[in-house]
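Chains A, B, C and D supply the protein sequences, listed in that same order. The opening position of the first sequence corresponds to residue 2 in our numbering, with each subsequent residue numbered one higher. The opening position of the second sequence corresponds to residue 2 in our numbering, with each subsequent residue numbered one higher. The opening position of the third sequence corresponds to residue 2 in our numbering, with each subsequent residue numbered one higher. The opening position of the fourth sequence corresponds to residue 2 in our numbering, with each subsequent residue numbered one higher. Every residue, glycine too, gets a C-beta built ideally from N, C-alpha and C. Comments concern the structure below.
4 protein chains.
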Amino acid sequence: MNVILDLCIVPLGVGVSVSLYIAACQRVITQAGLTPRLHAYGTTIEGDWDKVLAVVKRCHEVVHEMGAPRISTTIKLGTRTDREQTAEDKVRSVEAKLTDV
Amino acid sequence: MNVILDLCIVPLGVGVSVSLYIAACQRVITQAGLTPRLHAYGTTIEGDWDKVLAVVKRCHEVVHEMGAPRISTTIKLGTRTDREQTAEDKVRSVEAKLTDV
Amino acid sequence: MNVILDLCIVPLGVGVSVSLYIAACQRVITQAGLTPRLHAYGTTIEGDWDKVLAVVKRCHEVVHEMGAPRISTTIKLGTRTDREQTAEDKVRSVEAKLTDV
Amino acid sequence: MNVILDLCIVPLGVGVSVSLYIAACQRVITQAGLTPRLHAYGTTIEGDWDKVLAVVKRCHEVVHEMGAPRISTTIKLGTRTDREQTAEDKVRSVEAKLTDV
Chain A
2 MNVILDLCIV PLGVGVSVSL YIAACQRVIT QAGLTPRLHA YGTTIEGDWD KVLAVVKRCH
62 EVVHEMGAPR ISTTIKLGTR TDREQTAEDK VRSVEAKLTD V
Chain B
2 MNVILDLCIV PLGVGVSVSL YIAACQRVIT QAGLTPRLHA YGTTIEGDWD KVLAVVKRCH
62 EVVHEMGAPR ISTTIKLGTR TDREQTAEDK VRSVEAKLTD V
Chain C
2 MNVILDLCIV PLGVGVSVSL YIAACQRVIT QAGLTPRLHA YGTTIEGDWD KVLAVVKRCH
62 EVVHEMGAPR ISTTIKLGTR TDREQTAEDK VRSVEAKLTD V
Chain D
2 MNVILDLCIV PLGVGVSVSL YIAACQRVIT QAGLTPRLHA YGTTIEGDWD KVLAVVKRCH
62 EVVHEMGAPR ISTTIKLGTR TDREQTAEDK VRSVEAKLTD V
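If you want it as structure tokens, here you go:
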């Protein structure tokens, strides 16, 4: 089962700046052989369910190891059985409707 | 690693009523030996990370098997290393502050 | 337009304990004449869109006034035009499917 | 009060393809004088709280007018009082940490 997942990790107890922790998660995702797509409110990851969710777990472990005592994470994720669709397909599908007259 | 997770599964392509699918997920959670706490915008589950996340995957599989071609899910989840905390602890902690004068 | 909204406010830069801020938001909601339904991962509020969203804004203002320099909030919200539905209706609708044989 | 908001609108009861509705929301945002940043799991909008939240309401109205009887929306939003920060600043801040040796 393929999944497109949007990950937003918020470490608590480490002050207001969280970019160091987000950067560490980008590395975790890349090291797992997946391609993170960073945006202002999260990172999109796609691939096999087990592989993607294992990366989410690893991100939590790494952020705790970096010193964050508490993590509050929001995830949006989608699966579909009717057809294959990539994260890029989703964006293109909307953009195509925007250029149509 | 223990996790408190809030699960909100939205099946697409099956009309506007989704309660049948949510009820099926409640059964999936219970059958896994976990205790779902249903609220108006999701279900709270807590326990070992791998066990809880396996249940989320199983919910997606079951909702697809029931005929939903697409699922859009929102998850909030928290882990902490500073102390143990249950979902009930979280609610009580807020309620205690409300009764304080 | 009526809305059912699930509010999860996470103040950053104030340490790991956030219940004091959540409790303050409960009071903001109550003072606005709305009924908060607290659960482990948020608070459900329902009512007229403008009234409910004004309360969300007031919560941000109050939590900042209490000293939180940064707030990260997750909201789930639903509107429907096909029929009226309360937060309690949503829960009951799932529970009814669970007791059906 | 400035806000950075991530909007993910999911219309229900209109089948599995939702890009037409998302495209309509992009136009609503642009017509309000704001700049949508579309990604695979939502759209980032930033600006004055009242202006941004008015756009979210207008999106719901438009998607209902297009025929969707029910909408399930997920929003992430952030405010801060310690300093000004744009959506682009957030992305750059993470990227800077990734290029540091």
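- Cβ contact annotation for S73/D (same chain, cutoff 7 Å, sequence separation greater than five): V11, L13, in chain order.
- In this structure, the straight-line span from the alpha carbon of Q86/B to that of G68/D is close to 44 Å.
- For the region 26-52 of chain D, the residues whose beta carbon sits under 9 Å from a beta carbon of chain C are, in order, W50, D51.
- Against chain C, the CB of R93/D has no partner CB under 9 Å away; the residue lies outside that interface.
- Residues Q27, I30, T31, T44, I46 of the same chain have their beta carbon placed closer than 7 Å to that of P37/D, with the five preceding and five following residues left out of the count.
- Under a criterion of Cβ atoms nearer than 7 Å, the residues of chain B adjacent to V17/D are, in order, L13, G14, P70, R71.
- The C-beta of T80/D has 16 or more other C-beta atoms within 10 Å across all chains shown, which makes the residue buried.
- Taken atom to atom, the span from the alpha-carbon of C9/A to that of Y42/A is near 7 Å.
- The Cβ atoms of K52/C and I76/D do not sit closer than 9 Å to each other.
- Annotation: the region 2-73 of chain A contains the following complete segments of the beta strand (DSSP E) (minimum length 3 residues), in chain order: 3-13, 38-40, 43-49.
- Under the DSSP assignment, R93/A falls in the alpha helix (DSSP H) whose first and last residues are 88-100.
- In this model, P70/B and V57/D are separated by some 27 Å (Cα to Cα).
- Using a Cβ-Cβ cut-off of 9 Å, C9/A counts as an interface residue toward chain D, since at least one Cβ of chain D sits closer than that to its own.
- When rounded, the separation of the alpha-carbon atoms in L35/D and R84/B is 43 Å.
- Among the CB atoms of chain A, one or more fall inside 9 Å of the CB of K77/B.
- Rounded to the nearest angstrom, the gap between the Cα atoms of L54/C and M2/A is 37 Å.
- Here D7/B is buried. Its C-beta has 16 or more other C-beta atoms within 10 Å.
- T82/A and R59/C have their C-alpha atoms roughly 42 Å apart.
- Taking all protein chains shown into account, A97/C has fewer than 16 neighbouring C-beta atoms within 10 Å of its C-beta and is therefore exposed.
- Distances from the CA of V63/B to each of I5/B, H40/B, V4/B, A24/B were compared; the closest alpha carbon is that of A24/B.
- For the C-beta of A55/A, not a single chain D residue is nearer than 8 Å; the gap to the nearest is close to 20 Å.
- Closer than 9 Å to the CB of E85/B there is not a single CB belonging to chain C.
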